[in-house]
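Residue numbers (the numbering used here): 605 to 1023. Where a beta carbon is used, it is the ideal one built from N, C-alpha and C, also for glycine. The structure under discussion appears below in the form of structure tokens.
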Ligand SMILES: NC(=O)c1ccc[n+]([C@@H]2O[C@H](COP(=O)([O-])OP(=O)(O)OC[C@H]3O[C@@H](n4cnc5c(N)ncnc54)[C@H](O)[C@@H]3O)[C@@H](O)[C@H]2O)c1
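Shown next as structure tokens:
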């Protein structure tokens, strides 16, 4: 039976058109869906999913359902739900959805519990809120759980911490760690969609501005390169010497946040870390500075500390709050410090989510087909599956590559041949 707690079922027609639009850019997922429809590898399995409720996620849900899974979906962030997509998933695709854009923390967790009520054999998470709720408040369900998958860097870090403490009671596949995920989704997806979120919220001109990128990981480097490509002067802040060195050799200025604050027009955090921009930084920023976060949780900007040095706050545009500081300057916080690309824009383009969600679908199939259960640890997808996704994507893009000759294979696997 399809159950739901969504904003408005009447939004379904709009959502359906957008889901179909995304589907046209997700050929790998579509191909997997076709096969799943024939083979039904997930038949009889209950799957609890906690993902951003976007058009791309909708196409993943359709695929898992085609594979026979019984699914319940909730949001992995209170601000990222696309209400029309939620409506269409329920009405047109018969999938249970519990997600409303702008839901408060209490409703957010109520929805996670409603999804867990399905009694999952598999969990599919983005940020590990579902798995941590399962382990803290719904332990009675754990016996039934075969395994889970995790979409993002921050979730993988949380799960590895649980495994290290011996607290993880089921195996989890770190989908984020597949090459066909983080090389593309984190870099090109976050890179482009973060700019999209900033521009939609502010109509700001990137060219000629100074953009400060905090964190030069997969997401940060994607953003830095794209902002530079649009004519920004990019400054990178880091805490890791190797990443900082890479940023410097990629041609960016690297300095501590404390120094960058007086130069930046736009600040973006993509670190997965806490309180990266703090009151001591906000206070030194230029009048009119724009600050946002594209890391998973809304902890990267110290907004509590900011409020303590603020005289007044007003919303000046959707997703833009103007903080008038006690020093007389005003600065702008986008999307309440939540993922700007998902809150103020639509998240990653479907083309890139095609590979991330191919990983999710094939990970689910891999997990239910395993002969021997995995240890209660964080695992990666077998390289064979990762490579298969890359090959499918290339094929569907019409790109061919060379093959190793027999002689090359021998050369590359031998240690005897030298000059
Ligand atoms: N917005 C999105 O749609 C989206 C997509 C994918 C990942 N994410 C999230 O973005 C965050 C980053 O992901 P990633 O894959 O780039 O991770 P990553 O581990 O590759 O990179 C994070 C970088 O931040 C640096 N860092 C940590 N603390 C810092 C600090 N105080 N100041 C400056 N740099 C600091 C680290 O040294 C590292 O280089 C995670 O929270 C991840 O879950 C968001």
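- Taken in chain order, the complete alpha helix (DSSP H) segments of 4 residues or longer contained in the region 738-802 are 757-768.
- According to the DSSP assignment, residue 642 belongs to no beta strand (DSSP E) but to the alpha helix (DSSP H) extending over 631-643.
- Taken from the Cβ of residue 823, at least one heavy atom of ligand 1 lies inside 6 angstroms.
- With respect to residue 707, residue 724 sits apart: the two C-beta atoms are not nearer than 7 angstroms.
- Runs of the beta strand (DSSP E) lying entirely within the region 932-990, each at least 3 residues long, are 934-938 in chain order.
- Burial check for residue 687: the Cβ neighbour count within 10 Å reaches 16 or more, so the residue is buried.
- If you draw a straight line from the Cα of residue 814 to the Cα of residue 857, it is about 11 angstroms long.
- Approximately 5 angstroms separates the beta-carbon atoms of residue 840 and residue 817; this is inside 8 angstroms, confirming the contact.
- Membership of residue 729 in the beta strand (DSSP E) is indicated by the continuous run 726-729.
- At a cut-off of 6 angstroms, the beta-carbon of residue 843 counts as near ligand 1: some heavy atom of the ligand is closer than that.
- Under the Cβ criterion (8 angstroms, minimum of three pairs), the region 990-1006 does not count as touching the region 797-810.
- According to the DSSP assignment, residue 652 belongs to the beta strand (DSSP E) that extends over 650-654.
- Counting along the chain, the unbroken beta strand (DSSP E) around residue 916 starts and ends at 914-921.
- Between residue 793 and residue 776, the CB-CB gap reaches or exceeds 7 angstroms.
- In this structure, the alpha-carbon of residue 973 lies about 33 angstroms from that of residue 1010.
- Taken from the Cβ of residue 814, every heavy atom of ligand 1 lies 6 angstroms or farther away.
- Residue side-chain check: residue 994 keeps its Cβ at 6 angstroms or more from all non-hydrogen atoms of ligand 1.
- For the 7 angstroms CB-CB criterion, residue 731 and residue 680 form a contact.
- Nearest neighbour of residue 721 by Cα position, chosen from 764, 759, 888, 677, turns out to be 677.
- Residue side-chain check: residue 899 places its Cβ nearer than 6 angstroms to a non-hydrogen atom of ligand 1.
- Closest option to residue 984, judged by alpha-carbon separation, among 779, 936, 1007: 779.
- In terms of Cβ geometry, residue 982 and residue 763 form a close pair [threshold 7 angstroms].
- Residue 700 carries a strand assignment under DSSP once its states are collapsed to helix, strand and coil.
- Membership of residue 886 in the alpha helix (DSSP H) is indicated by the continuous run 883-886.
- As the crow flies, the alpha-carbon of residue 619 is around 13 angstroms from that of residue 610.
- With a threshold of 6 angstroms, the Cβ atom of residue 971 does not count as near ligand 1, since no heavy atom of the ligand is closer than that.
- Spanning the alpha carbons of residue 756 and residue 956 requires a straight line of approximately 14 angstroms.
- Taking 7 angstroms as the cut-off, the beta carbon of residue 835 is found closer than this to the beta carbon of residue 812.
- One alpha carbon belongs to residue 878, the other to residue 866, and they sit about 21 angstroms apart.
- For residue 871, the pairing in a beta bridge is given by DSSP as 816, 895.
- The alpha-carbon of residue 927 is positioned some 30 angstroms away from that of residue 790.
- In terms of Cβ geometry, residue 948 and residue 805 form a close pair [threshold 7 angstroms].
- Here residue 674 carries a strand assignment [DSSP, helix/strand/coil].
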